[in-house]
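Heads up, the thing below is written out as C-alpha cells.
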Amino acid sequence: MEIIKGHICPTCGGVLDIDLERQIYVCSYCGVTFDYEYFREGEMMEHAYKMLKSSQFVAAADEFDFLLTKDPHDISAIKGAVMAAACIPEIRSLSDEKAVLVVDPKAGRKACTEYGEDLDSEGKTYFVKFEKLLELILSYQEDDASVKDLTVKRKRDYVHLNRIYKDMYEIEDRTIKAYDPDAVKKYDIEKAKIDKMSDEIRRREDNMEAAIKEIRHLIREL
17 MEIIKGHICP
27 TCGGVLDIDL
37 ERQIYVCSYC
47 GVTFDYEYFR
57 EGEMMEHAYK
67 MLKSSQFVAA
77 ADEFDFLLTK
87 DPHDISAIKG
97 AVMAAACIPE
107 IRSLSDEKAV
117 LVVDPKAGRK
127 ACTEYGEDLD
137 SEGKTYFVKF
147 EKLLELILSY
157 QEDDASVKDL
167 TVKRKRDYVH
177 LNRIYKDMYE
187 IEDRTIKAYD
197 PDAVKKYDIE
207 KAKIDKMSDE
217 IRRREDNMEA
227 AIKEIRHLIR
237 EL
C-alpha cells in the first residue's frame, strides 16, 4: 500500500494521507476516511501548485502523481510533475540566475521523457520547449561550474607566476643587474597558460549570458 500526503482533514484539521491502493483519503488523527473524489480536481491541482511554489517538491510530486492516476494526459499535472522533479517552484523564477543554479535539469529531462510519451501533438510541442529550457539550464550550470573552477586555478597560477617573476631578475638599488633567460622562458610559458585560461573564462561567461537571455525569453512561452 502506497501512502502519500494529501489534503487537510475538514473534520479535525489533520493532514490526510492518500491511500492509492484503496483510492481513499485517510486522516491519521481522527480516522475519518474520504473517497478521493471528495475533493475536486481543480482544488487539488491548486493545492499541488501551492506546494510547488513553497518548494515542497516531494509533497507536490506526490499530489501531481495522484492527479495523473486519474487523468494521465492532464497537461497541468504533467507540467507540475516535471517542475517538481526539476525542483522548479515557479517558471518565472528562472529569470534569476541564482534560481537557475539550484534546478535539477537532469531529473527534469527524465520526467519530461517519462510523462510526455503519450501526449497529443499540442502537448508534445509544449514539452519540446520545456526540454529546451532544461537543456539551457544544464548548459548554464556546466559553464558556471567551469568558470568557478578556472577562476580558482587562475588565481593559484598567478601566485606561481609571481614567484617566477621574482627569479627572473637580479635587482640592486632598483637597477637590473642581471636576468635569468630560463626563468624568462618559464614565465612566458606560464603567462600564456593563464591568458588561455582567461580566454576560456570569458568564452564561458559569454555562453552563460546568452543562455540566461534565451531562458528568460523561453519562460514567457511556458
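Positions 17 to 238 (this note's numbering) are the ones given, in order, by the sequence shown.
Each residue gets a CB set at the ideal place from its N, CA and C atoms; glycine is no exception.
Computed from a predicted structure; not experimentally measured.
Would you mind stating whether C43 and G29 have Cβ atoms separated by less than 7 Å?
-> no
If you scan the segment 159 to 198 from start to end, which runs of the beta strand (DSSP E) of 3 or more residues do you find wholly inside it?
-> 185 to 188 and 191 to 195
8 Å CB neighbourhood of L234 in its chain, flanking five on each side removed = K145, K148, L149 and L152
List the DSSP bridge partners of I24.
-> V31
For Y41, the first and last residue of its enclosing beta strand (DSSP E) = I40 to C43
Quick one: Cα of D35 to Cα of G47, how far?
-> 13 Å
Can you grab the Cα-Cα spacing for the pair K182 / A226, in whole Å?
-> 41 Å
Measure the Cβ-Cβ separation of A102 and F80 and say whether it is below 7 Å.
-> no
Indicate whether L177 and E158 have their beta-carbon atoms separated by less than 7 Å.
-> no
Residue of R236, I210, D160 and D134 minimising C-alpha distance to R220 = D160
From M17 to M67, what distance separates their C-alpha atoms?
-> In this prediction, M17 has a pLDDT of 35, which is less than 50 and means its spatial position is unreliable; nothing more can be read from the coordinates.
Own chain partners of Y203 with C-beta closer than 8 Å, once the 5 adjacent residues on each side are dropped = L177, I180, Y181 and M184
Hey, how far is the Cα of F50 from the Cα of I24?
-> 11 Å
Run the CB neighbour count on A208, radius 10 Å, all protein chains shown included, and call it buried at 16 or more, exposed below.
-> exposed
Assign P197 to one of two classes, buried (16 or more other C-beta atoms within 10 Å of its C-beta) or exposed (fewer than that).
-> exposed
Any chance the segment 166 to 174 sits against the segment 129 to 143, with 3 or more Cβ pairs inside 8 Å?
-> no
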